[in-house]
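A short write-up of the structure that comes next.
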Amino acid sequence: MTTPQQTLRKTRILLLIGGGIAAYKCLDLIRRLRERGASVRCVMTRAAQEFITPLSVGALSADHVFTDLFDRQDEHDVGHIRLSREADLLVVAPATADLMAKLATGQANDLASTVLLATDKPVLMAPAMNPHMWEHPATQRNARTLREDGVHFVGPNRGEMAESGEAGEGRMAEPLEIVAAIETLLDTGEKPLAGRKVIVTSGPTHEVIDPVRYIANRSSGKQGHAIAAALAHLGASVHLVSGPVSIPDPQGVTTTHVETARQMREAVEAALPADAGVFVAAVADWRPAVETAEKIKKKQGEGAPMLELTENPDILAGVGHHEKRPALVIGFAAETQDLFKNARAKLNKKGADIIVANDVSHDSGVGPGGVMGGDRNSVVIVSQDGHDEWPEMGKDDVAERLAQLIADRLGPKE
Ligand SMILES: Cc1cc2nc3c(=O)[nH]c(=O)nc-3n(C[C@H](O)[C@H](O)[C@H](O)COP(=O)(O)O)c2cc1C
Numbered sequence: 094m095t096t097p098q099q100t101l102r103k104t105r106i107l108l109l110i111g112g113g114i115a116a117y118k119c120l121d122l123i124r125r126l127r128e129r130g131a132s133v134r135c136v137m138t139r140a141a142q143e144f145i146t147p148l149s150v151g152a153l154s155a156d157h158v159f160t161d162l163f164d165r166q167d168e169h170d171v172g173h174i175r176l177s178r179e180a181d182l183l184v185v186a187p188a189t190a191d192l193m194a195k196l197a198t199g200q201a202n203d204l205a206s207t208v209l210l211a212t213d214k215p216v217l218m219a220p221a222m223n224p225h226m227w228e229h230p231a232t233q234r235n236a237r238t239l240r241e242d243g244v245h246f247v248g249p250n251r252g253e254m255a256e257s258g259e260a261g262e263g264r265m266a267e268p269l270e271i272v273a274a275i276e277t278l279l280d281t282g283e284k285p286l287a288g289r290k291v292i293v294t295s296g297p298t299h300e301v302i303d304p305v306r307y308i309a310n311r312s313s314g315k316q317g318h319a320i321a322a323a324l325a326h327l328g329a330s331v332h333l334v335s336g337p338v339s340i341p342d343p344q345g346v347t348t349t350h351v352e353t354a355r356q357m358r359e360a361v362e363a364a365l366p367a368d369a370g371v372f373v374a375a376v377a378d379w380r381p382a383v384e385t386a387e388k389i390k391k392k393q394g395e396g397a398p399m400l401e402l403t404e405n406p407d408i409l410a411g412v413g414h415h416e417k418r419p420a421l422v423i424g425f426a427a428e429t430q431d432l433f434k435n436a437r438a439k440l441n442k443k444g445a446d447i448i449v450a451n452d453v454s455h456d457s458g459v460g461p462g463g464v465m466g467g468d469r470n471s472v473v474i475v476s477q478d479g480h481d482e483w484p485e486m487g488k489d490d491v492a493e494r495l496a497q498l499i500a501d502r503l504g505p506k507e
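According to the numbering used here, the sequence shown is numbered sequentially starting from 94.
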């Protein structure tokens, strides 16, 4: 595993954890902050302790976890004031509707709300709640008030809620988005891709059979979206062209939504020129030769209709040989056999500088969900110089490492 750049070195973060289901994401957030050099001290509300334990928070933050306003040991030197004084930034994640309401109305009846009212440091909130709670006029009023009072926000995102069947705005921003918001706020992160434009494609394509049916594949868009976010994080201006996915648009990225391979090619060509292109989308190789305007009817006794297929445009090869070809062209290749051989052949055929090959066969061993749709990936970076096998890691980690590789390849902007 590579260690991320120490973008938060010597930064002291006071993380206030509220009582919501998204509290579990804080454990990852603490890890992400610490591996960037930040020290993280945590306050947990009473409700937060119903979701995760001070024991795990303390183990990850390597510090005492503060839970009680009237803790004798912490309070003899006015702990709530000290906690704020010894931090550079306060982060509330998840920011519950309740914590937002308390701060918006100046209440201070537990340690977290008292620290928030007593601080003179910047405050960043990452709200997380059921979409109805978020959309409620009271919560919206509180969010407005808090913004006017100078509180910063990251998210909430649109997407599926932990409660089954619920979707909408209210999902907490992902840990790396919160990290990026912190870096922007403190203006710390190094931006080796500042001034660079990168096009990224992500997700599957849907190829229309008739108004209700289409051909698709299992791609979730997780890897492509993570790469877009990681590139933006390093300062690139990112244009993401996404097929139909159920995950939120990454923050700080311009996203164009498309459905078919032909629409994706058009959107990519419209986004040229660029310094680099990363083609992660699982573009359908074929589409139905005829797109039927009416729903194909099932007729008794006639059997199944024949579906004639025709080839889709090859977006990667199109850009690899384009007159406005980016200086760096990277393609993803999902393979189920002969990984290296196929990836090397693709390098030349597609005019790419790098092929990121991933084994998407069911026995490739990256855990539940497999590579397609899952959260982990195991890739081989194939270029003219040879190949580099990366260990299995989370898709966010693959994204960060690839973004750094792109920054190294492009070098600083003249
Ligand atoms: C299972 C469960 C999940 C909850 N999830 C959330 C949530 O995501 N966001 C939220 O604002 N409140 C949520 N609540 C309600 C809060 O826990 C409740 O308002 C609590 O008083 C918040 O306390 P705190 O703001 O001090 O952490 C949830 C409650 C339960 C029982």
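Ideal Cβ placement from N, Cα and C applies to all residues, glycine included. All values derive from a computational prediction rather than experimental measurement.
- Distance from the CA atom of aspartate 490 to the CA atom of isoleucine 308, rounded to whole angstroms, is 30 Å.
- For phenylalanine 425, the CB contacts under 6 Å within the same chain, skipping 5 residues up- and downstream, are Val373 and Val449 in chain order.
- The C-beta of lysine 391 has fewer than 16 other C-beta atoms within 10 Å across all chains shown, which makes the residue exposed.
- Look at glycine 252: its beta carbon is at least 7 Å from all of the heavy atoms in ligand 1.
- The beta carbon of proline 249 sits closer than 8 Å to the beta carbons of Ala219, Pro220, Ala221, Met222, Trp227, Glu262, Gly263, Arg264, Met265 and Ala266 from its chain, once the five residues preceding and following it are set aside; these are given in chain order.
- Using a 10 angstroms sphere on the CB of alanine 274, the tally of other CB atoms reaches 16 or more, which defines it as buried.
- Straight-line measurement puts the Cα of aspartate 501 at about 44 Å from the Cα of histidine 173.
- For arginine 437, the enclosing alpha helix (DSSP H) starts and ends at 432-443.
- When secondary structure is reduced to three states using DSSP, glycine 413 falls in the helix class.
- Distance from the Cα of glycine 345 is smallest, within the candidate group Thr198, Phe433 and Ala329, for Ala329.
- In this structure valine 291 touches alanine 369 by the C-beta definition: roughly 5 Å separates them, less than 8 Å.
- If you draw a straight line from the Cα of alanine 236 to the Cα of asparagine 405, it is about 46 Å long.
- Using a Cβ-Cβ distance cut-off of 8 Å, the region 149-158 and the region 302-319 are not in contact, since fewer than three pairs of beta carbons, one from each stretch, lie closer than that value.
- Distances taken from the Cβ of proline 147 to the heavy atoms of ligand 1 include none shorter than 7 Å.
- When distances are taken from the beta-carbon of glycine 394 to the heavy atoms of ligand 1, even the shortest one reaches 7 Å or more.
- Residue state for histidine 229 is assigned as coil, using DSSP reduced to three classes.
- Rounded to whole angstroms, the gap between the alpha carbons of aspartate 446 and alanine 496 is 15 Å.
- Look at histidine 326 here: in three-state DSSP terms it is helix.
- In the DSSP annotation of this structure, the continuous segment of the beta strand (DSSP E) that includes methionine 218 starts and ends at 216-220.
- Residue environment: threonine 429 is assigned as exposed (fewer than 16 neighbouring CB atoms within 10 Å of its CB, all protein chains considered).
- Between ligand 1 and the CB of glycine 336, the shortest heavy atom gap is not smaller than 7 Å.
- Closest by C-alpha distance to aspartate 164, out of Gly151, Ser295, Leu204 and Lys214, is Leu204.
- Judged by DSSP in its simplified three-state form, lysine 506 adopts coil rather than helix or strand.
- Taken through DSSP and simplified to helix, strand or coil, lysine 118 comes out as helix.
- Between the alpha carbons of glutamate 507 and glutamate 128 lies a gap of roughly 30 Å.
- Here the C-alpha atom of leucine 107 lies approximately 11 Å from the C-alpha atom of threonine 212.
- A straight-line Cα-Cα distance of about 17 Å links arginine 355 and histidine 414.
- Phenylalanine 159 is positioned such that its CB atom lies no closer than 8 Å to that of isoleucine 114.
- Straight through space, the alpha carbons of lysine 434 and arginine 251 are spaced by roughly 40 Å.
- Bounds of the beta strand (DSSP E) holding alanine 186 are 182-188.
- By the C-beta density criterion, arginine 134 is buried, having at least 16 other C-beta atoms within 10 angstroms.
- Under DSSP, tryptophan 379 takes part in a beta bridge, and its partners are Glu404.
- Glycine 424 is bridged by DSSP to Phe372 and Ile448.
- In the DSSP annotation of this structure, histidine 350 is not part of any alpha helix (DSSP H); the continuous beta strand (DSSP E) holding it starts and ends at 347-350.
- Taking methionine 357 as reference, the option from His332, Ala492, His229 and Lys488 with the minimal CA-CA separation is His332.
- Around the Cβ of histidine 225, a 10 Å sphere holds fewer than 16 other Cβ atoms; the residue is exposed.
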